[in-house]
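Everything on this sheet refers to the single structure shown next.
Numbering (the numbering used here), first residue to last: 12 to 97.
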């Protein structure tokens, strides 16, 4: 079953949002970002992969080439799914 949530982040001094759908496989969790075409042109793609807790990467980018927008989006996804310790 897919999960869906919204994230909020800043881009060009404007607050933006994206709808995120989540698909879990035995090897990784895939987050698909759905937002306007302008933002998609600034990114290597609309998929983020997580192979372990708090480790997120854009599917078609290395961690060495993260733009400020990519960092904002990864932080927003991470913050949304963070589960505080009890």
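In this text, a Cβ means the ideal position worked out from N, Cα and C, and glycines have one as well.
- Residue 69 is not a Cβ neighbour of residue 89, given a cutoff of 8 Å.
- Nearest Cα to residue 36 within the set 22, 24, 46 and 14: 14.
- Beta-bridge partners assigned by DSSP to residue 49: none are found.
- Sequence-distant partners of residue 30 (beyond 5 residues in either direction) whose C-beta falls short of 7 Å from its own C-beta, in its chain, are 15, 17 and 45.
- If you draw a straight line from the Cα of residue 27 to the Cα of residue 50, it comes to about 9 Å.
- Rounded to whole angstroms, the separation of the alpha carbons of residue 39 and residue 24 is 32 Å.
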